[in-house]
Amino acid sequence: MDATSKYQEALPLALLAHAPGLCATHVTRYRRTEASMSARDFCPKCGSYAFEGSCTIRVSRSRSQAGEHNTSRSILKTCGTCEWEDALAIDRSNAPAFPRRKNGRRIATPQKDVPSRPKMDAAPFVSLRKDAITRLPDVPPAQTKSVASNTSVPPSTSRPRPRKKKSSALQEMLARNKQTQPPESGSSSQGRLAAFLSDL
């Protein structure tokens, strides 16, 4: 088998996980050109993958007219997509790998006697009469004393007095200075100005 044929047979398996439709198209196209393609994992008609769960495979046996022992076995694959049936003959050398089903009588397994559980009798219903029930003496409700008058706070009659604004210490000092110092006359202020200019 040359490299091209190996590539053509390996390509469907590479495309199967990503694009099953493209894989089926490639298989059918390659089968038309190469009749000897040995890709038994795909349906020969539609090219869908046979072992993804949609294909049913069973072993069929056909008896020949020569005798009962001359039976030919074949693997019958039915495609779940297009319902195409493909038969593959089994060689007699591979026959031991597919053993014949034994048609024997089924023997029922003896069931062990399971000891039955003793049924528990239901407890008898005890009917109580009204006179048999001892009634508890009625407890008088607790009398609540009027404690509200003792615990209540008498309303305050005195109204809150508005707080007087405290004058700052600086304002008090200024007021004292004004009271202690006499008002200066205009002549004295002019004399001081003349003395200051003469010193310069």
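The sequence shown begins at 1 in UniProt numbering and counts up by one. Glycine included, C-beta positions come from ideal geometry on N, C-alpha and C.
Unbroken alpha helix (DSSP H) run spanning residue i, endpoints
i: residue 19; result: Per DSSP, residue 19 belongs to no alpha helix (DSSP H) and is neither H nor E.
i: residue 170; result: 169-180
Pairwise C-alpha distance: residue j and residue i
i: residue 79; j: residue 73; result: 19 Å
i: residue 13; j: residue 75; result: 22 Å
i: residue 16; j: residue 62; result: 35 Å
i: residue 2; j: residue 9; result: 11 Å
i: residue 181; j: residue 172; result: 14 Å
i: residue 57; j: residue 26; result: 23 Å
i: residue 30; j: residue 5; result: 10 Å
i: residue 19; j: residue 42; result: 14 Å
i: residue 28; j: residue 88; result: 19 Å
i: residue 190; j: residue 178; result: 21 Å
i: residue 197; j: residue 174; result: 30 Å
i: residue 55; j: residue 77; result: 7 Å
i: residue 176; j: residue 193; result: 26 Å
i: residue 91; j: residue 21; result: 33 Å
i: residue 11; j: residue 23; result: 8 Å
i: residue 195; j: residue 170; result: 32 Å
i: residue 59; j: residue 7; result: 31 Å
i: residue 199; j: residue 168; result: 40 Å
Nearest candidate by alpha-carbon position, reference residue i, set the options
i: residue 45; options: 85, 20, 11; result: 85
i: residue 83; options: 89, 59, 48; result: 48
Span of the beta strand (DSSP E), counted from its first residue to its last, around residue i
i: residue 85; result: 85-89
Assigned secondary structure, residue i (DSSP; H/G/I helix, E/B strand, else coil)
i: residue 3; result: helix
i: residue 77; result: strand
i: residue 62; result: strand
i: residue 72; result: strand
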